[in-house]
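Quick mapping for you: the protein sequence lines, in order, are chains A and B.
Counting from 1, one number per residue, gives the positions in the first sequence under the numbering used here.
Counting from 113, one number per residue, gives the positions in the second sequence under the numbering used here.
A virtual CB, placed ideally from N, CA and C, is assigned to each residue, including glycine.
If you're wondering where the values come from, they're calculated on a predicted model, not measured in any experiment.
The structure appears right after this line, and notes come after that.
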Amino acid sequence: DGGITQSPKYLFRKEGQNVTLSCEQNLNHDAMYWYRQDPGQGLRLIYYSQIVNDFQKGDIAEGYSVSREKKESFPLTVTSAQKNPTAFYLCASSTVTNEKLFFGSGTQLSVL
Amino acid sequence: GNSVTQMEGPVTLSEEAFLTINCTYTATGYPSLFWYVQYPGEGLQLLLKATKADDKGSNKGFEATYRKETTSFHLEKGSVQVSDSAVYFCALSRGFNAGNMLTFGGGTRLMVKP
């Protein structure tokens with residue numbers, strides 16, 4: 001079945017530690033996105049990529065980094081510079097011309 | 113800039129009640145509008161969409177009409193079920209030149225009681 005896989009489902013970060021969230025898709029989509037969801041709030045865009053080896057900052061990119069070395073993969077690193085990382089992180093993908101986003105099931109990141 | 117405002121929840125209804133979740137937007141140009149649904153512990157799924165003024169999107173008994181004159185895209189369902197309990201997000205597309213990125217509202221939690 002085609003879809004988006006995020007892992008792990010739950011992740012814990014210690015102070016000063018970098019952690020990486022995985023996102024893989026087998027939908028053959030060119031565009032991929034990372035959103036952050038805080039309780040009671042909407043989704044905010046962190047980074048997006050429309051093509052391999054290229055990505056753009058979204059609305060809240062500070063403290064995060066991404067890479068897009070393969071079409072299928074778009075990992076997100078939450079760095080120690082992100083002072084409030086506790087949130088639910090959602091990865092999504094789409095074709096470049098279609099506005100419909102397909103979402104993964106999310107990763108809940110918490111700080112120890 | 114673009115923004116989406118939804119009514120705050122939670123909205124609590126009895127089964128078979130009528131549902132309205134209000135959504136208004138601010139945008140330049142003519143964005144496409146969407147409703148996404150998020151079930152507990154999951155990602156979002158597209159529920160319905162409308163791409164131009166007066167379009168009506170519909171799916172699974174839900175519907176919403178793109179009202180340009182009132183900049184609104186209210187979600188309605190005539191008879192809700194317990195299985196409709198979820199968080200509903202209204203969103204607009206920033207358009208092709210902006211990578212088709214979505215701007216989301218804050219979400220409205222719906223709780224349906226048997």
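Chain order gives the chain A residues near residue 218 of chain B as 40, 41, 42, where near means a beta carbon separation below 9 Å. The Cβ of residue 103 of chain A sits closer than 7 Å to at least one Cβ of chain B. Following the DSSP letters along the chain, one finds residue 175 of chain B inside the beta strand (DSSP E) bounded by residues 174 to 177.
In this structure, the CA atom of residue 93 of chain A is about 14 Å from the CA atom of residue 56 of chain A. Contact annotation: the stretch 124 to 133 of chain B does not touch the stretch 64 to 71 of chain A, with fewer than three C-beta pairs closer than 8 Å. By the Cβ-count criterion, residue 112 of chain A is exposed, with fewer than 16 other Cβ atoms from all chains shown falling within 10 Å of its own Cβ. Taking a Cβ-Cβ threshold of 9 Å, the residues of chain A close to residue 155 of chain B are 4, 6, 90, 91, 92, 102, 103, 104, 105, 106, in chain order. Contact with chain A is found for residue 213 of chain B, since one of that chain's Cβ atoms lies less than 7 Å from the residue's Cβ.
For residue 144 of chain B, a Cβ of chain A is located within less than 7 Å of the residue's own Cβ. Fully enclosed beta strand (DSSP E) runs of no fewer than 3 residues occupy 4 to 7, 10 to 13, 19 to 25 of the stretch 4 to 29 of chain A, in order along the chain. In terms of beta-carbon proximity, residue 205 of chain B lines the interface with chain A, with at least one pair separated by less than 7 Å. Our two residues, residue 182 of chain B and residue 17 of chain A, have alpha carbons roughly 48 Å apart in a direct line. Contact note: residue 201 of chain B reaches chain A through 42, 43, using a C-beta cutoff of 8 Å and chain order.
One thing to note: residue 99 of chain A has its Cβ within 7 Å of the Cβ of residue 205 of chain B. Residue 159 of chain B has a beta carbon lying at 7 Å or more from every beta carbon in chain A. Residue-level contact check: residue 72 of chain A does not touch chain B, since none of the beta carbons of chain B fall below 7 Å from its beta carbon. For residue 24 of chain A, no chain B residue has a C-beta closer than 8 Å to its own C-beta; the minimum C-beta separation is roughly 14 Å. If you compare the alpha carbons of A/54, A/106, A/97 with that of residue 88 of chain A, the shortest gap goes to A/106.
Per DSSP, residue 130 of chain B lies in no beta strand (DSSP E) and is assigned neither H nor E. The count of Cβ pairs closer than 8 Å, one atom from the stretch 160 to 171 of chain B and one from the stretch 41 to 52 of chain A, stays below three, leaving the stretches out of contact.
Straight-line measurement puts the Cα of residue 21 of chain A at about 40 Å from the Cα of residue 190 of chain B. Residue B/220 holds the alpha-carbon nearest to the alpha-carbon of residue 198 of chain B among B/120, B/185, B/115, B/220.
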